Amino acid sequence: MKSKSLSVVALGIVLVAAVAVGYLISRPMVMEREKVLPVFIGGELTIPQKVVQPISLTRVISAPIPQPKIATPLPIVPPGISYRVLPQYPATALQQGLEGVAILSVYIGLNGAAESVAIKSSSGVADLDKSAMAAVSRWQFNPATQGGAALASWFELPVRFTLQ
1 MKSKSLSVVA LGIVLVAAVA VGYLISRPMV MEREKVLPVF IGGELTIPQK
51 VVQPISLTRV ISAPIPQPKI ATPLPIVPPG ISYRVLPQYP ATALQQGLEG
101 VAILSVYIGL NGAAESVAIK SSSGVADLDK SAMAAVSRWQ FNPATQGGAA
151 LASWFELPVR FTLQ
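Going by the UniProt record's numbering, 100 is the number at position 100 of the sequence shown; the sequence numbering is gapless.
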């Protein structure tokens, strides 16, 4: 009988120890927060009454704390047109008296070439759109710049076809 009660007590102790260890392992930050920092006490400083030193108050002028300089972005200079080819008015559109405005979106590379030309808004006449795209794809641009460095950019260009 004694061995059974002893094994039950030992099992209980092991179980309580396991729960305590599990709690401490699962909550390590609790122990670190409850850590008490040591306090040091210095020796006593005794000032004799006979020694009197004049107290001079000096005004301390503090210099302003230098703030870090935040680099402001340099302005972006938009692209410019350096060489252009005017679109041909398509003969079919001339015969039918068609007019319209095609808005083109041109991707200008770092070298200033029109690398991609797409129709953002159609003129409503396919021949006018094709003529505008063919001409603008041969254009040369001064690329956009920021701080003297070339930037690739998009350039939107309306091309108006009118009869006079």
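Heads up, the beta-carbon is just placed ideally off N, CA and C, and yes, glycines get one too.
Small disclaimer: the values here were computed from a predicted structure and weren't measured.
So what does DSSP say about residue i, is it helix, strand or coil?
| i | result |
| --- | --- |
| Q95 | helix |
| V9 | helix |
| S137 | coil |
| V159 | strand |
| A113 | strand |
| A102 | strand |
| S131 | helix |
| A17 | helix |
| A71 | coil |
Just mark residue i as buried or exposed, buried being the case when its beta carbon has 16 or more other beta carbons within 10 Å.
| i | result |
| --- | --- |
| G148 | exposed |
| A102 | buried |
| G12 | exposed |
| V136 | buried |
Verify the CB distance criterion: does residue i have a CB-CB separation below 8 Å to chain B?
| i | result |
| --- | --- |
| V85 | The displayed structure is made up of one protein chain only, and chain B is not part of it. |
Using DSSP's beta-bridge definition, name the partner residues of residue i.
| i | result |
| --- | --- |
| Q146 | I76 and A149 |
Could you say which of the options lies nearest to residue i if we only look at CA atoms?
| i | options | result |
| --- | --- | --- |
| I76 | T145, L163, L157 and P158 | T145 |
| P158 | N142, V117 and L11 | V117 |
| I81 | R138, V16 and V8 | R138 |
| I108 | T72, V85 and Q140 | Q140 |
| S105 | A17, Q95, A134 and P66 | A134 |
| S153 | G112, I65 and V85 | G112 |
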